[in-house]
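Data first, discussion second: the structure below is written as structure tokens.
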Amino acid sequence: MLPSLSKFFSILRIANSHNQVDRNEEDKNDESNEKVIFITKKEFFEPIADEYVKSISKMSPEEIYDNYNPGPTNPDGSVNFECHCVSHIVASPCGYDFRKAMTCQKSASEKELEEGACGEEFMKFLECVMSTGCFRRSSEEELNSKKDSD
């Protein structure tokens with residue numbers, strides 16, 4: 001749950017009340033390029049004045065992000081292996097076999113799939129999964145030891 005705006009601005013006020021000299025001394029010692037900017041409540045609610053920021057606010061996510069993630073399927077119909085829904089499988093020990101199987105499935109027609117296309121690729125992927133145990137469920141013992149360590 002997000003804090004109320006009044007609490008947010010009281011935190012900003014407290015942060016802003018720190019001695020300016022102390023903050024500048026900290027900035028001199030800090031080699032990062034980060035900068036903290038403090039604003040008032042009035043400034044927070046003012047309309048956007050900067051033209052560049054206005055132009056960005058009107059853009060679609062595809063225009064803003066280089067690697068816009070449309071979901072499991074790219075607009076061209078290919079598999080989007082960067083999608084969070086499959087990225088954990090791609091990064092697993094069986095990721096190579098998974099990519100081959102999914103790419104085959106996406107490139108095959110319905111008729112080809114019904115005739116057994118991509119069967120070898122999927123079997124190879126499943127053999128990898130079974131031999132490595134990379135997707136096995138944790139045992140009760142492992143779950144209990146994990147709870148104890150937390």
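Numbering (UniProt numbering), first residue to last: 1 to 150.
Glycine residues also receive a C-beta, built at the ideal position from the N, C-alpha and C atoms.
- Message: If you reduce the DSSP assignment to three classes, tell me which class T40 lands in.
- Response: Three-state result, T40: coil.
inquiry  = Let me check understanding here. Comparing Cα to Cα, which of G71, T132, K106 and E112 lies closest to S92?
reply    = Here the closest residue by C-alpha is T132.
message = Along the chain, where does the alpha helix (DSSP H) containing V129 start, and where does it finish?
response = If you look at V129, you'll find it in the alpha helix (DSSP H) that goes G119 to T132.
D50, enclosing alpha helix (DSSP H) - first and last residue: Careful: D50 lies outside any alpha helix (DSSP H) and carries neither H nor E.
Exposed or buried, C94, counting other C-beta atoms within 10 Å across all chains shown (16 or more means buried)? Under this definition C94 is a buried residue.
- Message: In whole angstroms, give me the CA-to-CA distance for R99 and K54.
- Response: Per the coordinates, the alpha-carbon of R99 lies some 40 Å from the alpha-carbon of K54.
What first and last residue would you give for the alpha helix (DSSP H) that runs through C85? Element bounds for C85: H84 to V90.
Backbone secondary structure at R23 - three-state DSSP:
For R23, the predicted structure reports a pLDDT of 49, less than 50, and the residue's modelled location is therefore unreliable. The matter cannot be settled from this model.
_Between which residues of its own chain and A101 is the CB-CB distance below 7 Å, once the five residues before and five after are set aside?_
The residues are C118, E121, F122 and F125.
### Query
From this set, E46, S87, D97 and K106, which residue's C-alpha is nearest P75's C-alpha?
For the set E46, S87, D97 and K106, the Cα lying nearest the Cα of P75 is the one of K106.
(message) Output needed for V129: all residues of its chain with C-beta closer than 6 Å, excluding positions within five of it in sequence on either side, in chain order.
(response) Closer than 6 Å at Cβ, skipping near neighbours: C94 and F135.
Notebook entry, point to check: With 16 as the cutoff for other CB atoms within 10 Å, does D97 come out buried or exposed?
Noted result: Around the beta carbon of D97, 16 or more other beta carbons lie within 10 angstroms, which makes this residue buried.
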